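Per the working numbering: the first sequence ends with 399, consecutive numbering throughout. Heads up, the thing below is written out as structure tokens.
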Amino acid sequence: MSDIIEEILMAATKSRIFKNRDILRPDYIPDTLPHRENEIRKLAQILAPILREERPNNVFIYGLTGTGKTAVTLFVLKHIDKKTKELNISFQYSYINCRQSDTPYRILSELASSLGIRVPFTGLATSEVYKRIIRALELKKRLLLIVLDEIDFIIKKHGDDLLYKLVRINDVLKNSKVSLIGITNDVNFVERLDPRIRSSLGEEEIIFSPYNALQLEDILRQRAREAFHDNVLGEGVIELCAAIAAREHGDARRALDLLRVAGELAEREGARRVTIEHVYKARDELERDRVQEVVHTLPLHSKLVLLAILALVKEGKITTTGEVYNTYIKICKSVRIETVTQRRVSDIINELDMLGLVNAKVVSRGRYGKTKIISINLKPDILYDALSRDPRLEPIINNIRG
DNA sequence: CTTCCACAGGAACCAGCGGACC
DNA sequence: GGTCCGCTGGTTCCTGTGGAAG
């Protein structure tokens, strides 16, 4: 009797679909990275001086999202770290994602804590944290490698002061040596950089090109072998995930997400196999989640502007800044919310564009002025759903959708 | 060739907040 | 408990501009 129960419970804890789901997670670093052999070799060559206790050149890495920049970097560093431990070299690396730590202060405080210095979340002057880092580096001789992932984020928001300081840090240090790896997925970003920083940071450069559909298939197959049980992937599933991701700039992370979520959907349904339909559903769900999350964290006026855009785009296909502003004013008046200036709305539209919720492009229409053409290519329902989670907006949404 | 629209977007600055320090 | 600091989400004032119309 208890055997039967045991059996059922065991079956419930064991997935029919996944052998090991974690392998499909974006932060998982596999033992091999297919189609990135050249990049691995190049980066390893650049960083090899570490093993002779010399400072390696600074490296600049570009490539679109999901092209394996972070994975390759961490992969190589993991190996070097192991090797330096064997050789008893005082080497250390610090990985900082500038999107998550998006102010100079947060970056420095993360750097500090990776060096074992405790700093408060806020309250100190940025320069004070910098001083403490210097002090720690002078205390003990070491080789430090700082990885700044998505480095374009701080530059765009806070200029290049911090970067300049970090690039020049070796001039101040007597004991320790510091190298930098900058990773960015914005290719144009380099051109806007101060030439002094550019030449210093770009002592070495590595460019990651996007994966094509076939390479993505390889990557997915390799991971799928370990992640899924045998024969659970239906025909064409991998190919479809690869194709969808390839269309979106060869983003491997997208492809892996699609595959994972498709698997999860199949499992939740109790299906025995993952089918193409699951992949399509996964695509919708991922988009929904992304929009939901982004919209949720938007300030009130950004939501109101988004709503104004939505209301206008419903009727036509595109709209302009002026129209959006007028509609926004109307919406605000109807619920007695104070309005912000057009200047701010213009910025908000840019922010919404950056977040991928709307498309905004500046165009000149000659006699009819220069403006932003704004459109949406998400399904309006997804946006309305996300917005209606804010109780303040509900009456307005009901009004618009009528 | 000039004009002129409808904004873009830079610069400087502000209030209010929360947290750490002394 | 006052002080200092950074961040957010604004403001005001401003100069700049692509290209159709005249």
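Idealized CB from N, CA, C, for every residue including glycine. In this text the structure is predicted, and so the values were computed from the model without any measurement.
Would you mind listing the beta strand (DSSP E) stretches within the segment 94 to 158 that are 3+ residues and don't spill past its ends, in chain order? 140 to 146
Identify every residue that forms a DSSP beta bridge with Q89. L141
Spatial neighbours of A357 in its chain, beta-carbon cut-off 6 Å, leaving aside the 5 residues before and after: Excluding residues within five positions, the ones whose Cβ falls inside 6 Å are I346, D350, K369 and I371.
Measure how close the beta-carbons of T318 and A308 come, nearest whole angstrom, since I'm counting them as under 8 Å. Actually they are not in contact, since the Cβ atoms of T318 and A308 sit about 15 Å apart, beyond 8 Å.
When the distance is taken between beta carbons, is I20 closer than 7 Å to R220? yes
Using only the alpha-carbon positions, how far apart do S87 and N17 sit? 36 Å
Grab the span of the alpha helix (DSSP H) containing F205 for me, first residue to last. Run containing F205: none in the alpha helix (DSSP H); it sits in the beta strand (DSSP E), E201 to F205.
How should T272 be labelled, buried or exposed, when 16 other C-beta atoms within 10 angstroms of its C-beta is the threshold for buried? buried
For K367, which residues from the same chain have a beta carbon less than 8 Å from its beta carbon, with the 5 sequence-adjacent residues on both sides left out? Closer than 8 Å at Cβ, skipping near neighbours: V359, V360 and S361.
Whole angstroms is fine: what's the gap from L30's alpha carbon to L301's? 44 Å
Cβ contact (3+ pairs, closer than 8 Å) linking the segment 267 to 282 and the segment 337 to 345: no
Who are the near neighbours of S331 in its chain, counting only those whose CB is closer than 8 Å to its CB and skipping five residues on each side? I393 and N396
Closer than 8 Å by C-beta to L170: which residues in its own chain qualify, once you throw out the five before and the five after it? Chain order, please. I131, L134 and E135
Under the DSSP definition of a beta bridge, which residues are partnered with G60? DSSP lists F205 as partners of G60.
N55 versus R195, R33, D149 and A259, residue with shortest Cα-Cα distance: R195
Report back the beta-carbon spacing between Y322 and V342 to the nearest angstrom; my notes put them in contact at under 8 Å. Contact between Y322 and V342 holds, with the beta-carbon distance rounding to 5 Å and staying under 8 Å.
From the DSSP secondary-structure annotation, give me the bridge partner or partners of R316. A small fix is needed here, since residue 316 is Thr in this sequence, not Arg. Beta-bridge pairing links T316 to I371.
Starting from T67, trace the alpha helix (DSSP H) in both directions and tell me its first and last residue. Element bounds for T67: K66 to L84.
Could you name the residues that DSSP lists as bridge partners for A357? According to DSSP, A357 shares a beta bridge with I371.
Do D99 and F15 come within 7 Å of each other at the CB atom, strictly closer than that value? Judged by beta-carbon spacing, D99 lies beyond the 7 Å limit of F15, meaning their Cβ atoms are not closer than that value.
Nonlocal neighbours in the same chain, by C-beta distance under 8 Å from N209, ignoring five residues either side: A243 and G247
Hey, is the segment 252 to 264 in contact with the segment 278 to 286, meaning 3+ C-beta pairs nearer than 8 Å? yes
Report yes if the C-beta distance between K39 and I204 is below 7 Å; otherwise report no. no
I need the DSSP call for L295, collapsed to helix, strand or coil. coil
When the Cα of I166 is compared with those of T181, K128 and K137, which residue comes out closest? K128
Going by DSSP, which residues form a beta bridge with T271? Sequence inspection shows Val at residue 271; the Thr mentioned does not correspond to that position. Answer by DSSP bridge pairing, in chain order: L230.
Close-in-space but distant-in-sequence residues of the same chain around R386 (CB under 6 Å, 5 per side omitted): Setting aside the 5 residues that flank it on each side, R386 has no residue in the same chain whose C-beta is closer than 6 Å to its C-beta.
Mind checking whether V291 and I379 have CB atoms under 7 Å apart? No. Outside cutoff.
Per DSSP, cross-strand counterpart(s) of K174: The partner list for K174 (beta bridge, DSSP) reads L140.
Are the beta-carbon atoms belonging to A249 and I216 less than 7 Å from one another? Closer than 7 Å, so yes.
Taking the continuous alpha helix (DSSP H) assigned at P392, which residues delimit it? Its alpha helix (DSSP H) spans residues E391 to R398.
Any idea which residues DSSP pairs G179 with across the strands? Beta-bridge pairing by DSSP links G179 to F57 and L145.
The alpha helix (DSSP H) spanning I14 covers which residue range? Neither: I14 is in no alpha helix (DSSP H) and is coded neither H nor E.
Between M382 and G353, what straight-line distance do the alpha-carbon atoms span, to the nearest angstrom? In the sequence on display, residue 382 carries Asp and not Met. Roughly 16 Å between the two C-alpha positions.
Leaving out the 5 sequence neighbours to the left and right, which residues in its chain are closer than 8 Å to L375 when beta-carbon positions are compared? E284, V288 and L354
Rounded straight-line distance, which links the Cα of Y90 to that of A122: 24 Å
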